[in-house]
Amino acid sequence: MKKRILIIDDEKDLVETVTFRLEANGYEVISAHDGFVGLDKARKEKPDLIILDLMLPKIDGYKVCRMLKFDEKYKHIPIIMFTARAQESDKKMGEETGANAYVTKPFDPQALLTKIKELVKEA
Amino acid sequence: MKDKLQESISAVADNFEIKTMVDDMHRQNRDILERRLFELAAAYHIGKEASSVFDFEKCLRILANRIADLLSVEIVSLMLLDTDKGGLVIKFAKGLNDEIIREAKIKLGEGVAGWIAMTGEPLLIKDLDRDSRFSKRSNGRYYTNSLLSVPLKVRDRVIGVINVNNKITKEVFREEDLDILKTIADFAAVIIENARLQEEARSRDQLKSDFVSNVSHELRTPLTAIKEAVGLLLEGMTGQITQEQKRFLEVAKQNIERLGRLIDELLELAKLDAKKAPAKRKLFDVAGMVKTVASSLSPLAREKGLLFTSILPGVPIEIWGDPDKLTQVVTNLVDNAIKYNRPKGKVEVGVEEKGEMVEITVIDTGMGIPREDFEKIFDRFHRMAMHARGEVPGTGLGLSIVKGIVDVHGGQVRLDSEIGKGSKFSVILPRDIRKSER
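Here you go:
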């Protein structure tokens, strides 16, 4: 069965391109453009992995991450933090909220695919 | 005979009187001198303490608290001239509630503080009721009708006023109190002015750096989408592309990467501008770091047909600094040495311990840098004529980042260069900057 990935990012163009690449690599992709819908989809659709932007409308990425990672029911879902902020403090905060990996934009597509593969296998 | 005796006695008595008078005078002089010394010492200590603080508010708080201690008063207010608001504003006060602090805005010439700001003269009033210049104070905040206020002056320009009220002993203010406060005010004025200027410069830097940091973020987001879209086309994921299409997509890709590097470097410079000390300083082996950079960049040099050598000590050299930032320094320099070199040229990288310092050298056999450009090459966006024509890729920010990082590590960058022969960049870093910062 195809593994399902949820992308939560308010940049629709980016979501579209990433979706294309992931689908081409054999994943099923669902998406959300804000934190609120993202959290809802994460809970309802139970994806195998979440790619999560930090700066999101309604609920920011850190909060979405925390709410999932501190919930017994969802904490097993691997989360890749996806952001244009590359400062050390942000990275640290991402780790503290329990994200499994951290990818900064602009990103290397191959590195992203490798990371996804690793995390989906682990889970 | 009797008269003689009388005379002698009275002469002795006179002498004695004179002696006591002289003694008294000496004592008084000594007292004055001692008091003056005490004032100066006290003012000096207050000044020293306040000037060691970089935070403006904190600096004012220290001044107010120490003045209160020294003069044994309950209320001290520091008012500064605010040109925007056209008068004096309380910037810090001890013993007054916030409401009074907020509401106290005094025009020049108005009330006691306003009079001082206008005339630049200190004021000691023993009984305000008897001073026709000022109106009476109405509320019951004060024990006595006595007050003491002195101007804060920098180069004869009034920048504010210090007011003190309510001696703990409930006494009236005396001349001695005025002398002490005047002495402190001389020191305090310079310190306050300095702290204010620094604060202004800091907030300007912070604003600029926040701006660049936000802009960088806003630029990266669309760039990511463009990069991904071009990448999908280029990799043929949307279908076969022709050689021509491929060629132009490659051009797009390279320029996207260039823009990405530019944004990273701008962000890096903005961080250096905000004078944020490197966040991750620790003791690390700088020789090992240079070795790592050398081995990661030497393949690139060989690819371009350059002879790459590194002269490294056999033992680790520990220095206190940010390993990531210093790695970037060496990377930028070596990268330049490779980029700006002649065919079949040489690149030499070395590290050497020099007492309390470490010297990292990067030597190339490029075209050399004219002496008049020595300073300019560290400027932002400065690119030498040939490179600006686009013959060699680069952003023109590499060397200013090098300089910025070396600066925050308390080091310096030196340059030796001969036209037609090549250049030598030396980075000299203190091994442990904590020793000089203490």
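Sequence lines, in order, name chains A and B. The numbering of the first sequence is this note's numbering, which starts it at 3 and goes up by one. The numbering of the second sequence is this note's numbering, which starts it at 9 and goes up by one. A virtual CB, placed ideally from N, CA and C, is assigned to each residue, including glycine. As the structure is a prediction and not an experimental result, all values here were calculated from the model.
Q: Would you identify the three-state DSSP class for residue 104 of chain A, choosing helix, strand or coil?
A: In the displayed model, residue 104 of chain A falls within a strand according to three-state DSSP.
Q.
Is it the case that the region 266-283 of chain B contacts the region 303-315 of chain B, given that we only count it when at least three CB pairs across the two stretches are under 8 Å?
A. No, they do not touch.
(Q) Counting only beta-carbon separations shorter than 9 Å, does residue 235 of chain B have a partner in chain A? (A) Yes, its Cβ sits closer than 9 Å to a Cβ of chain A.
(Q) So residue 228 of chain B contacts chain E; which residues on that side make the cut at Cβ distance below 8 Å? (A) The displayed structure is made up of protein chains A and B, and chain E is not among them.
**Q.** Per-residue DSSP class, three states only, for residue 359 of chain B
**A.** For residue 359 of chain B, the secondary structure class from DSSP, reduced to helix, strand or coil, is strand.
Q) How about residue 254 of chain B and residue 238 of chain B: do their beta carbons lie closer than 9 Å? A) Taking 9 Å as the Cβ cut-off, residue 254 of chain B and residue 238 of chain B do not qualify as a contacting pair.
Q) Applying the criterion that 16 or more other CB atoms from any shown protein chain within 10 Å of the CB defines a buried residue, is residue 3 of chain B buried or exposed? A) Summary: the structure shown does not reach residue 3 of chain B, with chain B confined to residues 9 through 446, and so no result is reported for it.
Q. Going along the region 243-259 of chain B in order, which residues come within less than 7 Å of chain A, judged by CB to CB distance?
A. Taking 7 Å as the cut-off between beta carbons, the residues of the region 243-259 of chain B near chain A are 245, in sequence order.
Q) At a cut of 8 Å, does the region 102-110 of chain B reach the region 78-90 of chain B through at least three beta carbon pairs? A) Contact holds: three or more Cβ-Cβ distances are below 8 Å.
Q. Hey, how far is the Cα of residue 74 of chain A from the Cα of residue 122 of chain A?
A. When rounded, the distance between both Cα atoms is 18 Å.
Q. Taking DSSP as the reference, what is the three-state secondary structure of residue 323 of chain B?
A. Note: residue 323 of chain B maps to coil in three-state DSSP.
Q.
So, for residue 58 of chain B: in the same chain, excluding its five sequence neighbours on each side, which residues have a beta-carbon less than 6 Å away from its beta-carbon?
A. Result list for residue 58 of chain B: 67, 70, 71, 199, in chain order.
Q) How would you list, in chain order, the residues of chain A whose beta-carbon sits under 8 Å from the beta-carbon of residue 232 of chain B? A) Correct list: 13, 16, 86, 107, 108, 109.
Q. Which residue comes first and which comes last in the beta strand (DSSP E) that contains residue 430 of chain B?
A. Start and end: 430-438.
Q | Under 9 Å between C-beta atoms of residue 161 of chain B and residue 193 of chain B | A | Taking the C-beta atoms as reference points, residue 193 of chain B is found nearer than 9 Å to residue 161 of chain B.
(Q) List, in chain order, every chain B residue whose beta-carbon is nearer than 9 Å to that of residue 34 of chain A. (A) Within chain B, no residue comes near residue 34 of chain A; the closest Cβ sits about 17 Å away, beyond 9 Å.
(Q) So within the region 34-81 of chain A, which uninterrupted alpha helix (DSSP H) runs reach at least 4 residues, ignoring any that extend past its ends? (A) Fully enclosed alpha helix (DSSP H) runs of no fewer than 4 residues occupy 37-47, 63-71 of the region 34-81 of chain A, in order along the chain.
Q. Which class does residue 6 of chain A belong to by DSSP, given the choice of helix, strand or coil?
A. In this structure, DSSP gives residue 6 of chain A an extended state, which the three-state scheme calls strand.
Q | residue 99 of chain A at chain B interface by Cβ criterion, 9 Å | A | Nearest CB-CB separation between residue 99 of chain A and chain B: not below the 9 Å threshold.
Q) How is residue 178 of chain B classed by DSSP in three states: helix, strand or coil? A) In the structure shown, residue 178 of chain B sits in coil (DSSP, three-state: anything other than H, G, I, E or B).
Q: Below 9 Å between beta carbons is the criterion; list the residues of the region 22-50 of chain A that meet it against any residue of chain B, in chain order.
A: Residues 22, 23, 26.
Q | Buried/exposed call for residue 26 of chain A, threshold 16 Cβ in 10 Å | A | Counting every other CB atom within 10 Å of its CB across the protein chains shown gives residue 26 of chain A a total below 16, marking it as exposed.
Q: Return the chain-ordered list of same chain residues with a C-beta closer than 8 Å to the C-beta of residue 257 of chain B, the five sequence neighbours on each side being excluded.
A: The answer, listed in chain order, is 238, 241, 242, 249.
Q) So, is the C-beta of residue 19 of chain A closer than 9 Å to a C-beta in chain B? A) True, the Cβ-Cβ gap to chain B drops below 9 Å.
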